[in-house]
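Trainee:
In this note's numbering, the protein residues as written are 130 to 351.
1. Which parts of the region 210 to 289 are runs of the alpha helix (DSSP H), unbroken and 4 residues or longer, counting only runs that do not cross its ends?
2. Going by C-alpha distance, which of 329, 325, 322, 279 is nearest residue 308?
3. Can you give me the start and stop residues for the alpha helix (DSSP H) that residue 185 sits inside?
4. Determine the extent of the alpha helix (DSSP H) in which residue 294 is found, giving its start and end residues.
5. When the distance is taken between beta carbons, is residue 255 closer than 8 Å to residue 209?
6. Among 162, 262, 226, whose alpha-carbon lies nearest the alpha-carbon of residue 200?
7. Given the structure, does residue 198 come close to the ligand GDP, in the sense that its CB is under 7 Å from one of the ligand's heavy atoms?
8. Contact between the region 205 to 221 and the region 264 to 271: three or more CB pairs below 8 Å?
9. Could you please give the first and the last residue of the uninterrupted alpha helix (DSSP H) stretch that includes residue 338?
10. Throw me the rounded Cβ distance for the residue 162 and residue 217 pair, which I believe falls under 8 Å.
11. With a threshold of 7 Å on Cβ separation, who are the neighbours of residue 233 within its own chain once the five nearest residues in sequence on each side are excluded?
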């Protein structure tokens, strides 16, 4: 039989999880509004008060969630990197990188909310090239991808994650993802269509193979 102490502990855990979920939801909402304002009027011209007003909170509350206005974009990038990491974690050993990414792209939800989020990430990726503080957040997301990739590549090669070759493969593969993401984002914001952009997934898979000397990208033994 569960004691009152056990019940209280479970309730506290649930309450804490709900608070954390709400905290992250509000941060993401702020992030989207900040991204919209940054894109429409520039980072320098956007104030913390404007961001707070767009979300319907006080400036004081805004600074409880973020240390400065530029850091408001971090949740957008964090959500983007979390999706990327989850996709890579699910990469089956017996499947090529290209086939795995194609399957993900085919089955990825396509709805207005997802499109709005994707558009915001694309715009911030472009803006980060000329805004140092935004670029710092952008590069930090790829530092996490690199660390996660080291674990994934280590598993595929059956080698330690701190092996120098594994780390080099993870670093070069991450650079490939970042450069192609920046290139595609810039092209989309200049009005390029799918035909002129080409096939980013095929490009990523090919570039990862080249960058890693053919070691990463192909199926491996289960």
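Positions of the beta carbon are idealized from the N, C-alpha and C atoms, including for glycine.
Mentor: Let's see:
1. 226 to 236, 241 to 256, 261 to 286
2. 329
3. Run containing residue 185: none; DSSP gives neither H nor E here.
4. 293 to 318
5. no
6. 262
7. Of the ligands one can find in the structure shown there are none, so the ligand GDP has no counterpart to examine.
8. yes
9. 329 to 340
10. Contact flag wrong, Cβ pair sits at about 29 Å.
11. 216
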